[in-house]
């Protein structure tokens, strides 16, 4: 019984850590979108020239699979 309880505690901790990480990522993404929306076309074009398709990722919903894939680079 004690092992089952500890397994549940570990699972709960893992879920909390994952949820907090996702929350931080979403807040950062929201902030990046707000900054992007404030830029004029010339600034956006300069950003595209320097970072190519990176701005398109602002509209992609981040899930754990995408996060894991991007974290490898």
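Numbering (our numbering), first residue to last: 434 to 506. Quick reminder that beta carbons are idealized off the backbone N, C-alpha and C, glycines included.
Quiz item: Taking 8 Å as the CB-CB limit, is residue 490 close to chain B?
Solution: This model lacks chain B altogether; it includes just one protein chain.
Quiz item: Which class does residue 472 belong to by DSSP, given the choice of helix, strand or coil?
Solution: coil
Quiz item: For residue 494, which three-state DSSP category applies?
Solution: coil
Exercise. State the Cα-Cα distance for the pair residue 460 and residue 476, rounded to the nearest angstrom.
Key: 23 Å
Quiz prompt | Whole-angstrom distance between residue 466 and residue 505, CA atom to CA atom | solution = 24 Å
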